[in-house]
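Below: one structure, written as structure tokens.
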Amino acid sequence: MSLKEQLEKVQKELQKLEEQKKDALIREKELKLKIELEETKNEVKKNRKVMEIVEEHFGEMTEKNLELFQKIMQEQSEQMRSRKENLMR
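If you count by my numbering, then the sequence shown holds residues 48 to 136, one letter each, in order.
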């Protein structure tokens, strides 16, 4: 095999490898998007469950209720921290 033929063979192999790399990058991008979509769906499910629980025990979330709910949650959080500190003593 002449040097020219060897060069042509190597160039063809390189082209194939570049095409495979391009295909692999496309597949990688698609998989990353699928993972991101799945994670987003899971977050939405969790958020919906939280909202259902909140609305079940607190009522519909209006702007006024949301502020009140936030204050209540802050107070409960502070109370839980205090309880933890007291238990650890």
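Just so you know, even glycine gets a beta-carbon here, dropped at the ideal spot from N, CA and C.
State the DSSP-derived secondary structure class of residue i, mapped to helix, strand or coil.
| i | result |
| --- | --- |
| M135 | helix |
| M98 | helix |
| M48 | coil |
| T109 | coil |
Are the CB atoms of residue i and residue j nearer to each other than 9 Å?
| i | j | result |
| --- | --- | --- |
| M48 | K59 | no |
| M108 | M98 | yes |
| F105 | N112 | yes |
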